[in-house]
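*Asks:* Under the numbering used here, read the sequence shown as residues 2 to 227, first letter to last. Backbone N, C-alpha and C define an ideal beta-carbon position, used for all residues, glycine too.
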Amino acid sequence: MKKIGMIVAVEIQSVLDKYGAQLAEKKDVAGYQVLEYQTADYQLIIANCGAGEISAASGTQFLISEYKVDVVVNFGVVGGLTEEMSKTKLCIVDKVVHYDFDTSAVDNVEVGRYLNYPDVYIPATPELKEIAIKAHPELLPVICASGDKFVADPEAKAALNKQYGASICEMEAAGIVLTCNRNKVPCVLIKIVSDGIHGGFEEFLETKDTAAAMCLEIVEKIIPQI
Numbered sequence: 002m003k004k005i006g007m008i009v010a011v012e013i014q015s016v017l018d019k020y021g022a023q024l025a026e027k028k029d030v031a032g033y034q035v036l037e038y039q040t041a042d043y044q045l046i047i048a049n050c051g052a053g054e055i056s057a058a059s060g061t062q063f064l065i066s067e068y069k070v071d072v073v074v075n076f077g078v079v080g081g082l083t084e085e086m087s088k089t090k091l092c093i094v095d096k097v098v099h100y101d102f103d104t105s106a107v108d109n110v111e112v113g114r115y116l117n118y119p120d121v122y123i124p125a126t127p128e129l130k131e132i133a134i135k136a137h138p139e140l141l142p143v144i145c146a147s148g149d150k151f152v153a154d155p156e157a158k159a160a161l162n163k164q165y166g167a168s169i170c171e172m173e174a175a176g177i178v179l180t181c182n183r184n185k186v187p188c189v190l191i192k193i194v195s196d197g198i199h200g201g202f203e204e205f206l207e208t209k210d211t212a213a214a215m216c217l218e219i220v221e222k223i224i225p226q227i
């Protein structure tokens, strides 16, 4: 039976609302809240990691090392960086740039670049992206700007779009994709915009739960395909 790991940052309530009584008993393992959901075809192991790149990377490694998951899935709410990326825009991460990773003072490479990649972009698993888009053509492939900060300022959002061609920003994707790539475990990241380019924390709070629930509905339909 395929084991699918789901890494969840701040959207855990949508998981509890969706699966409810179908979830196995909650467990605390190595500092993580772990939930399990099983069907005839797959076992879903959900780890609530909390916000930020370090939390996401460690939570992803936890799922890979502790549970030997075959695939890692992440869903969540993000900020939109363009006028087009309005609220509730569903997208799938094609590649991610860790925009606040900066070693340029010592190695003279671009801000955001890890030396084991040819440029600043870290790819998610292309095969899973294609499977997801085939199942749900409304998913928009995007570049995700990921860093350890909540970006609310419209000028800062526009700058990320201009510099990296990114359409969305959030705080976990770089940690997840880097960890999966290093472990050679495929990953797929489905995101939904909760706050547009002119939105900030207030808009995020207003739309987070509804948007997360919508995103999880799509993810649940994709999981059996992978």
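1. Let me confirm a value: K28 is counted as buried when at least 16 other C-beta atoms fall within 10 Å, else exposed. Which label applies?
2. Mapping the DSSP letters down to three states, classify F63 as helix, strand or coil.
3. Would you list, in sequence order, the uninterrupted alpha helix (DSSP H) runs of no fewer than 4 residues that lie entirely inside the segment 50-106?
4. Out of D71, G148, N49, which one is the CA nearest neighbour of K185?
5. What's the call for T180, buried or exposed, on a 16-neighbour Cβ count within 10 Å?
6. Okay, do the segment 51-62 and the segment 9-21 touch, 3+ Cβ pairs below 8 Å being the bar?
7. One question on the structure: do Q164 and Y100 come within less than 9 Å of each other, judged by their Cβ atoms?
8. Determine the extent of the alpha helix (DSSP H) in which G176 is found, giving its start and end residues.
9. Could you spell out the range, first to last residue, of the beta strand (DSSP E) harbouring L161?
10. Out of S56, L64, D120, C145, which has the shortest C-alpha to C-alpha gap to L91?
11. Throw me the rounded Cβ distance for the L45 and I5 pair, which I believe falls under 8 Å.
12. Could you give the DSSP three-state label for P225: helix, strand or coil?
13. What residue range is occupied by the uninterrupted beta strand (DSSP E) comprising Q14?
14. DSSP three-state label for L24, please.
15. Just grab the DSSP bridge partners of K192 for me.
16. Would a C-beta distance cut-off of 9 Å place K192 and V79 closer than the cut-off?
17. Could you name the residues that DSSP lists as bridge partners for P124?
18. Identify the continuous beta strand (DSSP E) that holds Y33 and give its terminal residues.
19. Shortest alpha-carbon distance to P127 belongs to which of K150, K96, S66, E218?
*Replies:* Checking against the coordinates, here is how it stands:
1. exposed
2. helix
3. 54-68
4. D71
5. buried
6. yes
7. yes
8. 174-184
9. Careful: L161 lies outside any beta strand (DSSP E), inside the alpha helix (DSSP H) at 155-165.
10. C145
11. 5 Å
12. helix
13. Premise fails: Q14 lies in the alpha helix (DSSP H), 13-20, not in any beta strand (DSSP E).
14. coil
15. G77, C92
16. yes
17. K96
18. 33-39
19. K96
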